[in-house]
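Residue numbers (the working numbering), protein chains in the order written: chain A, 108 to 223; chain B, 86 to 197. Glycine included, C-beta positions come from ideal geometry on N, C-alpha and C. Since we're looking at a predicted model, the values are computed, not measured. Everything on this sheet refers to the single structure shown next.
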Amino acid sequence: AQTVTQSQPEMSVQEAETVTLSCTYDTSESNYYLFWYKQPPSRQMILVIRQEAYKQQNATENRFSVNFQKAAKSFSLKISDSQLGDTAMYFCAFMNEAGSGYALNFGKGTSLLVTP
Amino acid sequence: DGGITQSPKYLFRKEGQNVTLSCEQNLNHDAMYWYRQDPGQGLRLIYYSQIVNDFQKGDIAEGYSVSREKKESFPLTVTSAQKNPTAFYLCASTDRGPYGYTFGSGTRLTVV
């Protein structure tokens with residue numbers, strides 16, 4: 108089974124600053140998909156960004172971008188111009204291309220606190 | 086509006102009782118999933134279903150059961166065999182493919 112590791116249980120950043128959340132994964136597959144989800148205090152899971160492993164270009168969604176290093180099996184999330192509303196748990200997740208029912212395998216999460 | 090509805094939001098049960106968590110979607114998604122969330126553990130897959138009348142065990146299926154009699158419904162039963170049932174349960178759905186999930190708002194189950 109694939110494993111997803113988030114090595115930072117908690118992080119803190121000041122408003123307007125930039126923060127990077129780390130994620131590494133282990134797989135023998137050549138094609139797969141990676142995701143970052145945000146879970147604010149409401150506990151509603153929100154998709155932040157998605158990356159296809161066969162695409163070399165890093166995905167970007169407004170203030171959120173990833174640094175995808177396929178050889179290193181690393182998928183970090185950069186949040187620019189941090190806002191108070193970014194305070195949440197962030198989960199990195201892995202999905203095989205097929206054969207696993209498109210099930211997501213999640214890391215244990217990083218709790219991000221944005222301070223004024 | 087399309088979405089996933091989980092009910093109830095909070096559920097309390099006595100130890101030894103079976104309890105069923107509801108999950109309904111009107112997104113016409115083929116695939117549905119149940120995850121369990123515990124503090125510091127992330128989300129762990131319990132069961133998933135790709136089509137009606139078919140479902141597969143996830144990583145922590147012991148003590149749980151599901152059914153998929155209708156495309157829009159995927160109820161989860163927490164049986165008395167589940168050793169530590171107190172947790173936050175999330176249901177999700179997606180079209181069959183490598184897309185992001187749509188999640189429900191979750192059910193917090195407390196067994197006393």
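- As DSSP reads the structure, residue 139/B sits in a beta bridge with 136/B.
- Looking only at 183/A, 154/A, 142/A, 208/A, the smallest Cα-Cα distance to residue 115/A is reached by 183/A.
- Here the alpha carbons of residue 124/B and residue 170/B stand approximately 13 Å from one another.
- Ranking 144/B, 138/B, 185/B, 137/B by CA distance to the CA of residue 128/B puts 144/B first.
- Put simply, of 176/B, 174/B, 184/B, 164/B the residue whose alpha carbon is nearest the alpha carbon of residue 101/B is 164/B.
- The region 177-191 of chain B makes contact with the region 106-118 of chain B; the number of CB pairs closer than 8 Å reaches 3 or more.
- Among the CB atoms of chain B, none fall inside 8 Å of the CB of residue 163/A.
- Using a Cβ-Cβ cut-off of 8 Å, residue 151/A counts as an interface residue toward chain B, since at least one Cβ of chain B sits closer than that to its own.
- Among the CB atoms of chain A, none fall inside 8 Å of the CB of residue 149/B.
- A check of alpha carbon separations from residue 114/B across 159/B, 167/B, 146/B identifies 159/B as the nearest.
- For residue 201/A, the nearest beta carbon of chain B is not closer than 8 Å to its own beta carbon.
- Ranking 180/A, 218/A, 207/A by CA distance to the CA of residue 111/A puts 180/A first.
- Assigned with DSSP and collapsed to three states, residue 211/A falls in coil, not helix or strand.
- Contact check between the region 181-201 of chain A and the region 117-137 of chain A: three or more CB pairs, one atom from each, fall below 8 Å, which counts as touching.
- For residue 124/A, there is no enclosing beta strand (DSSP E), as DSSP gives it neither H nor E.
- Separation of the CB atoms of residue 158/A and residue 141/A is rounded to 5 Å, and the pair is thereby assigned contact status at 8 Å.
- The distance from the Cβ of residue 135/B to that of residue 166/B is about 25 Å, inconsistent with a contact at the 8 Å cut-off.
- Taking 8 Å as the upper bound for CB-CB distance, residue 132/A and residue 109/A are in contact here, some 6 Å apart.
- By the rule that beta-carbons nearer than 8 Å mark a contact, residue 192/A does not touch chain B.
- Taking the CA atoms as reference points, residue 210/A sits about 15 Å from residue 139/B.
- Within chain B, the C-beta atoms nearer than 7 Å to that of residue 209/A come from 116, 179, 181, 182, 183, in chain order.
- Listed in chain order, the positions of the region 120-133 of chain B with a beta carbon within less than 9 Å of a beta carbon of chain A are 120, 122, 125, 126, 127, 128, 129, 130, 133.
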